[in-house]
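Chemist: Line order of the protein sequences matches chains S and F.
Its first residue numbered 297, the first sequence is counted upward by one per residue in our numbering.
Its first residue numbered 14, the second sequence is counted upward by one per residue in our numbering.
Even glycine gets a Cβ: it sits at the ideal position worked out from N, Cα and C.
Mind looking over this structure? Questions follow.
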Amino acid sequence: MASRQFATFEVAGQLFGVEVHTVQEVLSYNEYTPVPLAPPAVGGLFNLRGQVIAAVDLRVQLGLARQALQGPVMNVILRGDGEPVSLLVDKIGEVVDLDDETFEPPPDTLSGPTRELVVGTFKLDGRLMLALDVNQAVDTYRATT
Amino acid sequence: MEDLGEIVGEFLMESHENLDQIDRDLVSLEQEPDSRDLISRIFRAIHTIKGTSGFLAFSRLEKLAHAGESLLSRLRDGVQPVTPETITVLLVTIDGVRALLSSIEENNTEEGIDIDSTIERIHAQMNAPSDPAAAPAPAAAPAAEAAPAAEAEAEAPVQLDETPKRAAPEPIAEQRQPLGQILVEAGAAQPADVSSALQQQIEGDERKLGTILLEEGKTQPAAVSEALQAQTPKRSIADSAIRVDVDLLDTLLNMVGELVLARNQLVRGVMEIGDATLVRSAQRLGMITSELQEGIMKTRMQPIEHIWSKLPRVVRDLSNSLGKQVELVMQGKETELDRSLLEAVKDPLTHLVRNAVDHGIEDPERRTASGKSPVGTLTLRAYHEGGHVAVEVADDGAGLNVERIAQKAVENGLLRPEQIPNMDKRDIMAMVFQPGFSTAAKVTNVSGRGVGMDVVKTNIENIGGAVSVDSTPGEGTVWRLTIPLTLAIIQALTVDCGDQRYVVPQVAVLELVFIDGTATKIEYASGAPVYRLRGKLLPLVRLDRALGFEVGGDQGVYIMVLQADGRRFGLVVDRVLNTEEVVVKALNTRLKDIGLYAGATILGDGKVGLILDVSSLARRSHLAVDSERENVVEKRTAGGGGTERLLVTAVGERRVAIPLDTVTRLEEFPRDRIEHAGSREVVQYRGQILPLVRLSHLLGAYGEELEGDTVSVVVYSEGGKSVALVVDRIVDIAENSTTARRDAEEDGLVGTAVIQQRVTELLDVRRAILAADPNFYSDSMDEMLVEA
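So, in structure tokens, the structure goes:
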């Protein structure tokens, strides 16, 4: 039976997940340099061991208000296409092994910006995890309405 | 044979280098047709290519090289004279060889490259002269060629007996030229004698080739020892240098960049703790890091000669085809630049040179008519200047036609007619860098199609450099490229805007003005902010507005006078902090599209800082071509060292100028950071103790000490040592027109001059430095600096 590993995290009370192999690392960081005139989803830049990383505010991508970048915020740093990109999230969850059997396409009732970011739903014990489309999630030029 | 690929690779690399040398030699040979040295060198290089291509079974390459070699051997033996036509045919041959090599490199085949027409031209050239002496010579030439081939095998066991005999020749870099060949080429032995001596060796004669020839009286002892000398250096070069992958150097450079940042953070932390032992270790670490950084930088430095070397050929071909006579002069070809920058500068420079030959220099008739020598001079000049390298392409042609450019700019809608009368001529000239701009009356295949100058500008600006042009009617045009020393680390000013910190590349910064709201103030022309800079209006861009922040007040702010796209404007920022070297980091590709940022960097506190893209700031702010201009028209004397650029500072009531090329950087230090060591004032700076000297004291200009939290200093560094000269204020950077200069009557000065209509004293820099650090020029480390 095929199974996949997901790194999970929470944004606005909802559990999301991305496949583990897309994740470079997870860390908390508290100083972000804002980028004026950048798309609203760009939370800011930070220094990861000498590398400049752009942090994408997942809340904005989901159509919510911006993260208040005061104090430490958790980053899920994705390997990206040649250059790492970070997703700003509320809270880091566990790494879970999920059987493909528990997978279902996103429910028809799910609409709005979230629908475009989600590739499917995994039924966990007691809660649902939405699997994110990594490329969509970091695309800051996505038309957010 | 599995390492054949490597052998081929080595062969290609060597051959390309050899070809470049041949190109240069051929062009020189045209100038001095009688130089046997040059012919011999070209012959040897071609011969090497021929030999190796034969071994590697590149038959077409071998055939072409052989044909070229035959022609060369006739030149060498004096059978036919060196004429421009012969040189042209040989250059074409070299191009053919190059094309074959490229084909081998890219497609691993030498098919598809036409060599027959070239070979035909060579043969036509060889048959052309009706020289009666032609008959005996060809017989001698093949013998000379045959000899080295036989020799290579015969000599190997004798001379290189420590290495096992192998069928494949050694890589070319280590291959010695056979002794017999050297002797024959030097004219010290007859080919026939060498052949017979070689034959003796093959038949079992144990003696060395030189010994055989000497004992049989076929050559002179001096000639043999000279030939042996000529053999040896090749090996020593191969032993003392290695080829290193550029990617590896890039990685090392990045790591050193990280190390510099980590060092800065560590030193800051250690200073706060204040433990003496730790401070000393941190300073030691600081020095080692600086040295390491310098060393790594050096490995990537190459003299600009590398890209200049192809230009004599370019100039020759082009001027011949245009019927012009151009002499190419190169000054400062040893000036070094980072490798990646050299690559980036190559095409723009070639374009400027072609443009200068095509449009700059007039044809001989017109030159004669205007009383100039029929031979035009194109001067390439490279030199260091204040943390940058300046490269100039200067011609002594007719100069740019300012009226024509202005007219064209109006036609193209780049300027409005009413703007023209108020514009400085240099600003009008800068219009040639606009896309699609060409004033050439007719389009040639060289230039005039309006592509090029804007590309030159874009390419140079992409690497953080700048381009400018100046021209005097009838006397010529100077194109000037200002290039940063390295790509990865730039000199920058950090500024505050709102609660954020931004970085501005120093290359764009002309000067800084503090706006106190009374003596200096921002004015509004129908809502557009402007500043009167020395009587001229400077349009202003507010950084807070440009970045979409809340717009702040007009008092207590700074104006950075910036230059980009040939336009001058003032950027209003809240505070200018300091200058520092920053390591440029690439920006996430998505953020590059914003266009406002040239990159990012890690600031001293570990935070990310955005580097502003000055030209896009200017464009975004819809700056009209501004009216600010310099009234001082710089005069350049052809062939001279150009004008001196001076940093003008204020010391008390006086203006004191310091040659800009001696200045390493400008800094501001908080007044409370000045400490005392013995009787001297010092300041801690980049892990070093920097001695200070106050110019006001040195020049006896005791006046009121300026109040303020910071002091302005001019840092001068040489050989790892630095001193700082304290001035009251940095006023401007100016060009010194050497008029109205007087020798000094006062100690500490070399003279006085009128700069920008004001009497300005010229500082005796050496004396000022010695006042700060008496041991500056001695090799021993200053004891005070070590102990402090």
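Quick one: what's got a C-beta closer than 7 Å to Q338 of chain F's C-beta in the same chain, skipping five residues either side?
Modeler: Sequence index remark: in the second sequence, residue 338 of chain F carries index 325 (1-based). Correct list, in chain order: S332, P377, P387, V388, G389.
Chemist: For R355 of chain S and M370 of chain S, I'd like the C-alpha separation in whole angstroms.
Modeler: Numbered from 1 along the first sequence, position 59 holds the residue referred to as residue 355 of chain S. Numbered from 1 along the first sequence, position 74 holds the residue referred to as residue 370 of chain S. Near 13 Å, if we compare the C-alpha coordinates of M370 of chain S and R355 of chain S.
Chemist: Mind pulling the chain S residues with CB within less than 9 Å of G561 of chain F?
Modeler: Mapped onto the second sequence, residue 561 of chain F falls at position 548. Near G561 of chain F (Cβ distances below 9 Å), the residues of chain S are P332, L333.
Chemist: Counting contacts by CB-CB distance shorter than 8 Å, is N601 of chain F in contact with chain S?
Modeler: In the second sequence, counting from the first residue as 1, residue 601 of chain F sits at position 588. Chain S contact via Cβ: present.
Chemist: By a C-beta neighbour count over all protein chains shown, 10 Å radius and 16 as the cutoff for buried, is G313 of chain S buried or exposed?
Modeler: Residue 313 of chain S sits at position 17 when you count from the first residue of the first sequence. Result: buried.
Chemist: In three-state DSSP terms, what is T677 of chain F?
Modeler: Your numbering for residue 677 of chain F matches position 664 in the second sequence. Three-state result, T677 of chain F: coil.
Chemist: Step through the CB atoms of chain F and report whether any lies within less than 8 Å of the CB of T398 of chain S.
Modeler: Reading the first sequence from its first residue, position 102 is the one you call residue 398 of chain S. So no, T398 of chain S is outside the interface.
Chemist: Can you name the residues of chain F whose CB is closer than 7 Å to the CB of L341 of chain S?
Modeler: Residue 341 of chain S sits at position 45 when you count from the first residue of the first sequence. The contacting residues are A613, V621.
Chemist: Does any CB atom of chain S fall closer than 8 Å to the CB of L604 of chain F?
Modeler: Here residue 604 of chain F refers to the residue found at position 591 of the second sequence. Chain S contact via Cβ: present.
Chemist: With a threshold of 8 Å, are at least 3 pairs of Cβ atoms found where one atom belongs to the region 294 to 311 of chain F and the other to the region 698 to 717 of chain F?
Modeler: Yes: at least three Cβ pairs fall under 8 Å.
Chemist: Determine, using beta-carbon pairs with one atom in the region 590 to 605 of chain F and one in the region 560 to 575 of chain F, whether at least three such pairs fall under 8 Å.
Modeler: No, the region 590 to 605 of chain F is not in contact with the region 560 to 575 of chain F.
Chemist: Would you kindly report the start and end of the unbroken alpha helix (DSSP H) that includes I768 of chain F?
Modeler: Position 755 of the second sequence, counting from 1, holds the residue named residue 768 of chain F. That residue, I768 of chain F, is in no alpha helix (DSSP H); its beta strand (DSSP E) goes 762 to 768.
Chemist: Report the neighbours of G346 of chain S on chain F: residues whose CB is nearer than 7 Å to its CB, in chain order.
Modeler: Indexing the first sequence from 1 puts residue 346 of chain S at position 50. Those within 7 Å of G346 of chain S in chain F are E271, L274, I615.
Chemist: Would you report the Cα separation of L266 of chain F and Y571 of chain F, rounded to the nearest angstrom?
Modeler: Here residue 266 of chain F refers to the residue found at position 253 of the second sequence. Here residue 571 of chain F refers to the residue found at position 558 of the second sequence. Roughly 35 Å between the two C-alpha positions.
Chemist: What number of angstroms, rounded off, separates the C-alpha of T662 of chain F from the C-alpha of H397 of chain F?
Modeler: Counting from one through the second sequence, the residue named residue 662 of chain F turns up at place 649. Counting from one through the second sequence, the residue named residue 397 of chain F turns up at place 384. The alpha-carbon atoms of T662 of chain F and H397 of chain F are separated by roughly 21 Å.
Chemist: Would you mind stating whether A70 of chain F and I35 of chain F have Cβ atoms separated by less than 8 Å?
Modeler: Numbered from 1 along the second sequence, position 57 holds the residue referred to as residue 70 of chain F. Numbered from 1 along the second sequence, position 22 holds the residue referred to as residue 35 of chain F. Their beta carbons are not under 8 Å apart, which means A70 of chain F does not touch I35 of chain F by this criterion.
Chemist: Of the choices F:P204, F:A403, F:D483, F:I476, whose alpha-carbon is the least far from that of M442 of chain F?
Modeler: Walking along the second sequence from the start, residue 442 of chain F turns up at place 429. Comparing Cα-Cα distances from M442 of chain F to each of F:P204, F:A403, F:D483, F:I476, the minimum goes to F:D483.
Chemist: With a threshold of 7 Å on Cβ separation, who are the neighbours of I768 of chain F within its own chain once the five nearest residues in sequence on each side are excluded?
Modeler: As a first step, residue 768 of chain F must be located in the second sequence, where it is residue number 755. These residues qualify, in order along the chain: L659, V661, A670, A747, N749.
Chemist: Our contact map puts I126 of chain F next to A112 of chain F with C-beta atoms below 8 Å; I'd like the distance itself, whole angstroms only.
Modeler: For the purposes of this step, residue 126 of chain F is taken as residue 113 along the second sequence, with counting starting at 1. For the purposes of this step, residue 112 of chain F is taken as residue 99 along the second sequence, with counting starting at 1. I126 of chain F to A112 of chain F, Cβ: 5 Å. Contact.
Chemist: In chain order, what residues of the same chain lie with their CB nearer than 6 Å to the CB of A637 of chain F, ignoring the 5 residues before and after it?
Modeler: Your numbering for residue 637 of chain F matches position 624 in the second sequence. Low local confidence applies: a pLDDT of 40 at A637 of chain F is under 50, so the model's placement there is unreliable, and no value is given.
Chemist: Checking contacts by CB at 8 Å: is L412 of chain S closer than that to chain F?
Modeler: Translated into positions along the first sequence, residue 412 of chain S becomes position 116. Correcting the residue type first, residue 412 of chain S is Glu in the shown sequence and not Leu. Closer than 8 Å: no.
Chemist: Give the C-beta separation of S709 of chain F and V664 of chain F to the nearest angstrom, bearing in mind that I take them to be a contact with Cβ-Cβ under 8 Å.
Modeler: As a working note, residue 709 of chain F is residue 696 in the second sequence. As a working note, residue 664 of chain F is residue 651 in the second sequence. Between V664 of chain F and S709 of chain F the Cβ distance is about 5 Å, and since that is below 8 Å, they are a contact.
Chemist: Helix, strand or coil, according to DSSP, for D393 of chain S in the structure here?
Modeler: Position 97 of the first sequence holds residue 393 of chain S. D393 of chain S: strand per DSSP, three-state reduction.
Chemist: Spell out whether any CB of chain F is found under 8 Å from the CB atom of V356 of chain S.
Modeler: As a first step, residue 356 of chain S must be located in the first sequence, where it is residue number 60. No, because no Cβ of chain F sits closer than 8 Å to the Cβ of V356 of chain S.
Chemist: DSSP state of I349 of chain S, grouped into three classes?
Modeler: Position 53 of the first sequence, counting from 1, holds the residue named residue 349 of chain S. Strand, per DSSP.
Chemist: In angstroms, rounded to a whole number, what distance separates the CA positions of E216 of chain F and A210 of chain F?
Modeler: Counting from 1 along the second sequence, the entry for residue 216 of chain F is found at position 203. Counting from 1 along the second sequence, the entry for residue 210 of chain F is found at position 197. Cα to Cα, E216 of chain F sits roughly 10 Å from A210 of chain F.
Chemist: Measuring only the C-alpha atoms, how far is T436 of chain S from L358 of chain S?
Modeler: As a first step, residue 436 of chain S is located in the first sequence; it is residue number 140 there, counting from the start. As a first step, residue 358 of chain S is located in the first sequence; it is residue number 62 there, counting from the start. Cα to Cα, the separation comes out at about 11 Å.
Chemist: Taking Cβ positions only, does A506 of chain F come closer than 8 Å to chain S?
Modeler: Within the second sequence, numbered from 1, the residue matching residue 506 of chain F stands at position 493. It is Leu, not Ala, that sits at residue 506 of chain F in the sequence shown. No, because no Cβ of chain S sits closer than 8 Å to the Cβ of L506 of chain F.
Chemist: Near M26 of chain F, what residues of its chain come up, given a Cβ to Cβ distance below 7 Å and the 5 sequence neighbours on each side ignored?
Modeler: Mapped onto the second sequence, residue 26 of chain F falls at position 13. No residues qualify anywhere along the chain.
Chemist: May I ask you to list, following chain order, the residues of the region 378 to 398 of chain S that have a beta carbon less than 8 Å from some beta carbon of chain F?
Modeler: Flagged, chain order: E379, V381.
Chemist: Per the DSSP calculation, Q513 of chain F is bridged to which residue(s)?
Modeler: Translated into the one-based positions of the second sequence, residue 513 of chain F becomes position 500. Its beta-bridge partners are F:C510.
Chemist: Which residue wins for smallest C-alpha separation from I388 of chain S, given the options S:A298, S:S299, S:G309?
Modeler: For this step, residue 388 of chain S is matched to residue 92 along the first sequence. Considering only alpha carbons, the answer is S:G309.
Chemist: Any chance the region 343 to 360 of chain F sits against the region 310 to 324 of chain F, with 3 or more Cβ pairs inside 8 Å?
Modeler: Flag = yes, the region 343 to 360 of chain F and the region 310 to 324 of chain F touch.
Chemist: Quickly, what does DSSP pair W492 of chain F with across the bridge? List them, please.
Modeler: Within the second sequence, the letter at position 479 stands for residue 492 of chain F. Per DSSP, F:V406, F:V482.
Chemist: Assign M343 of chain F to one of three DSSP states: helix, strand, or coil.
Modeler: Your numbering for residue 343 of chain F matches position 330 in the second sequence. Residue state, collapsed to three classes: strand.
Chemist: Between Q513 of chain F and chain S, is there a C-beta pair that is closer than 8 Å?
Modeler: For the purposes of this step, residue 513 of chain F is identified with residue 500 of the second sequence, where counting begins at 1. Chain S, which has a Cβ nearer than 8 Å to the Cβ of Q513 of chain F, makes this yes.
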